[in-house]
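If you want my numbering, it's the position in the sequence shown, counting the first as 1, plus 59. The beta carbon of each residue, even a glycine, is placed where N, CA and C say it ideally should be. Being a predicted model, the structure only gives us computed values, none of them experimental. Here is the structure we will look at.
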Amino acid sequence: MSFGFGYFLLEEGVEMELKVSMREIVSILDEEVPSFTYDSYIYRISAAKGVLGSQLKLLVKPWNSANAAEVAPAVGFIEVNKTENGKISFKIPPRDQWGDDETRAFDEEGKFFSSFIFQLLNAFQSRGLIDLPGQLPVR
60 MSFGFGYFLL
70 EEGVEMELKV
80 SMREIVSILD
90 EEVPSFTYDS
100 YIYRISAAKG
110 VLGSQLKLLV
120 KPWNSANAAE
130 VAPAVGFIEV
140 NKTENGKISF
150 KIPPRDQWGD
160 DETRAFDEEG
170 KFFSSFIFQL
180 LNAFQSRGLI
190 DLPGQLPVR
């Protein structure tokens, strides 16, 4: 994987507007994220806070794929907000806005979360939600 670009995304963040409803983005995440892997780990997301139907803050956590046990605190988070025009603002804030070092505990260099971001962007592309020049490398 081109971790240089992954580091850039972690430092600068990712923000996009998607032409889907809140219900659709939650459904997409529920369908796609369980298939994301990194070495012997899988990803799980959980709600940290939100406003029903209009705003969510989701934590991304690593789990051991062998025994389905959470192995570390959250490695990053996602913010999903309904915009005034009915679209979704999908944001992964820059690392310096995460608020504490706990979100960096799993992998200091960010490889785990970078891979998650790349897999998520690839999933969005495969569903026609965004347009990338090609698939991003996830390893």
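Residues near residue i in its chain [Cβ-Cβ closer than 6 Å; skip 5 each side]
{"i": "Lys-150", "result": "Glu-74 and Glu-138"}
{"i": "Arg-103", "result": "Lys-120 and Trp-122"}
{"i": "Lys-108", "result": "Lys-116"}
{"i": "Lys-78", "result": "Lys-146"}
{"i": "Gln-194", "result": "Asn-181"}
{"i": "Ser-105", "result": "Leu-118"}
{"i": "Leu-179", "result": "none"}
{"i": "Glu-91", "result": "Ala-182"}
{"i": "Met-81", "result": "Gly-112 and Lys-141"}
{"i": "Leu-188", "result": "Leu-77"}
Residue interval of the alpha helix (DSSP H) (run including residue i)
{"i": "Ala-182", "result": "170-185"}
Residue span of the beta strand (DSSP E) that contains residue i, given as start and end
{"i": "Leu-77", "result": "73-77"}
{"i": "Glu-90", "result": "Counting along the chain, Glu-90 falls outside any beta strand (DSSP E), though it belongs to the alpha helix (DSSP H) covering 81-91."}
{"i": "Glu-138", "result": "135-141"}
{"i": "Val-130", "result": "Element bounds for Val-130: n/a, residue is neither H nor E."}
{"i": "Lys-108", "result": "100-110"}
{"i": "Lys-146", "result": "No beta strand (DSSP E) contains Lys-146, which DSSP labels as neither H nor E."}
Beta-carbon contacts of residue i that lie in its chain and below 8 Å, excluding the five residues immediately before and after
{"i": "Pro-152", "result": "Gly-72, Phe-136 and Glu-138"}
{"i": "Glu-76", "result": "Thr-142, Lys-146, Ile-147, Ser-148 and Phe-149"}
{"i": "Gln-184", "result": "Asp-190, Leu-191 and Gln-194"}
Reduced DSSP category for residue i - H, G, I as helix; E, B as strand; rest coil
{"i": "Gln-156", "result": "helix"}
{"i": "Leu-195", "result": "coil"}
{"i": "Phe-67", "result": "helix"}
{"i": "Ser-113", "result": "coil"}
{"i": "Met-60", "result": "Any reading at Met-60 must be qualified, since the residue scores a pLDDT of 48, below 50, and its modelled position is unreliable; no value is offered."}
{"i": "Asp-190", "result": "coil"}
Nearest-angstrom beta carbon gap, residue j and residue i [assumed within contact, 8 Å]
{"i": "Phe-95", "j": "Phe-171", "result": "The pair is not a contact, with the Cβ atoms about 10 Å apart (cut-off 8 Å)."}
{"i": "Ala-125", "j": "Ser-86", "result": "28 Å between Cβ atoms; not a contact."}
Same chain, Cβ closer than 7 Å to residue i, neighbours up to 5 away in sequence not counted
{"i": "Phe-64", "result": "none"}
{"i": "Leu-88", "result": "Ile-104"}
{"i": "Gln-156", "result": "none"}
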